[in-house]
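Chemist: One structure follows; several queries about it will come next.
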Amino acid sequence: MTRIDFIGKRKYFYIVSILVMVIGLISYLVQGFNYDIDFTGGTVLEINLHKVPTAKEISELEKLTKQITGTQTPIVRKVEDGKKIMINAHEVHGKKKTELSKQTRDKLFAEIAKRYNLKKEDLVSYQNVGAVVSSELKSQAIWAVVIASILMLIYIAIRFEFRFGTTAVAALIHDLLIVLTVYTLFRIPLNSTFIAAVLTVLGYSINDTIVVFDRIRENRRIAGKMELKDLVNLSMNQTIGRSIATAISVIIVLVVLYIMGVQSIKEFAFPLLIGVISGTYSSIFIATALWFDWELSTRKKKLQAKPKRA
């Protein structure tokens, strides 16, 4: 069996994770998140261009939408066979964002119709999403993640011990921050599908972490007075093959879904892909390392608290 000193290298893993999250924080402070209409409110227009637009044309459509509607970060993307586009935009009135008025909507479509020689029926559909609904959705999404994390903490604390539960949830927060870093860095739209994907990632990641923790607990019973560092390294070496094999199997499926799937499938597959990679990393390198440092600190305090013999 391969013997890798994971615990001895844990500081490097901490540095990598902190570095990525700092980059994410800076990106968020500079440009924020690119919220989709689900979270901002506004209007979704589906238009049939009868041709597959190039990347340059998509960029020009985004500029046109911004010019006409006032949306700072309009979203224009291809749907179905690529000949139809979906435009997400809103109007800005001071600090308030609203759905597009009929006048603005008609003006936007008229400009696009002129460029692509479209007819009236090529405006396939439009849908308005109110700001109140989008605000409630954002709030519910945050609560869903918080409640799921608390329930998992309680379960793991009962099933294993409190330190295992706390460090497992800390690893989940790590995964969530890594996914959010990718989204803010590359300006990927945040929508309701993202929330479903994140909750799936949390479930996957916690399962991977529990496998390692369960092996630590099992080895602790049978290994007697083995040094804590050796015990944790042994457990991680015993489970790393299983964790990586599982992750690769899932990643292959998600990559195929992302390449071959329609837009809605891609929106679900991408955060899952990032989350699975991050979840596997945190389960192996972060959660167990955090538990080790906490357990080591507790043992040292107990030894210091013992009265010295005369």
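Take any residue in the sequence shown, note its place counting from 1, add 3, and you have its number in this note's numbering. Backbone N, C-alpha and C define an ideal beta-carbon position, used for all residues, glycine too. Keep in mind the model is a prediction, meaning the values are calculated, not measured.
Starting from the Cα of W297, find the closest Cα among L231, I251, V132 and N236 and give me that residue.
Modeler: Considering only L231, I251, V132 and N236, the residue with the shortest C-alpha distance to W297 is L231.
Chemist: Taking all protein chains shown into account, decide if S3 is buried (16 or more other Cβ within 10 angstroms of its Cβ) or exposed.
Modeler: Residue 3 is absent from the structure shown; the chain starts at 4 and stops at 313.
Chemist: Express the C-alpha separation of I255 and A248 in angstroms, rounding to a whole number.
Modeler: 11 Å
Chemist: In its own chain, which residues sit with a C-beta less than 6 Å from the C-beta of L48, not counting the 5 before and 5 after it?
Modeler: Cβ within range, chain order: I90 and Y129.
Chemist: In chain order, which alpha helix (DSSP H) runs of at least 4 residues are fully inside the stretch 5 to 53?
Modeler: Counting only runs of 4 or more, we get 13 to 34 and 40 to 43.
Chemist: Exposed or buried, D41, counting other C-beta atoms within 10 Å across all chains shown (16 or more means buried)?
Modeler: buried
Chemist: In whole angstroms, give me the CA-to-CA distance for K59 and H177.
Modeler: The alpha-carbon atoms of K59 and H177 are separated by roughly 36 Å.
Chemist: Just to confirm before moving on: does the CB-CB distance between A250 and T283 stay below 7 Å?
Modeler: yes
Chemist: Under 8 Å by Cβ, that's how I've got G278 and A272 pegged, so tell me the actual separation to the nearest angstrom.
Modeler: That pair is no contact at about 11 Å.
Chemist: Determine the closest residue to I243 out of Q143, M229 and I219, with distance taken between C-alpha atoms.
Modeler: I219
Chemist: Mind listing, in chain order, the continuous beta strand (DSSP E) runs of no fewer than 3 residues lying wholly within the stretch 77 to 120?
Modeler: 78 to 82, 87 to 92, 94 to 96 and 99 to 101
Chemist: Taking contact to mean at least 3 C-beta pairs separated by less than 8 Å, is the stretch 285 to 292 in contact with the stretch 174 to 192?
Modeler: Touching, per the Cβ criterion.
Chemist: Please go through the same chain and pick out, in chain order, the residues whose beta-carbon is closer than 6 Å to the beta-carbon of V19, but skip the five residues on each side of it.
Modeler: none
Chemist: Does V55 come out as helix, strand or coil in the three-state DSSP assignment?
Modeler: Shown here, V55 sits in coil according to DSSP, grouped into three states, outside any helix or strand.
Chemist: Consult DSSP for N131 and reduce its assignment to one of helix, strand or coil.
Modeler: strand
Chemist: Determine the closest residue to D84 out of K54, S300 and K141, with distance taken between C-alpha atoms.
Modeler: K54
Chemist: Closest to K100 by CA distance: which of Q106, A92 and T107 is it?
Modeler: A92
Chemist: In its own chain, which residues sit with a C-beta less than 6 Å from the C-beta of A200, not counting the 5 before and 5 after it?
Modeler: F271, P274 and L275
Chemist: Give me whichever residues DSSP pairs with L193 in a beta bridge.
Modeler: Note: L193 sits in a beta bridge opposite Y38.
Chemist: Which same chain residues, not among the five before or five after I10, have their C-beta less than 6 Å away from its C-beta?
Modeler: Contacts found: K232, V235, N236 and F295.
Chemist: Give me the Cα-Cα distance between K117 and G44, rounded to the nearest whole angstrom.
Modeler: 27 Å
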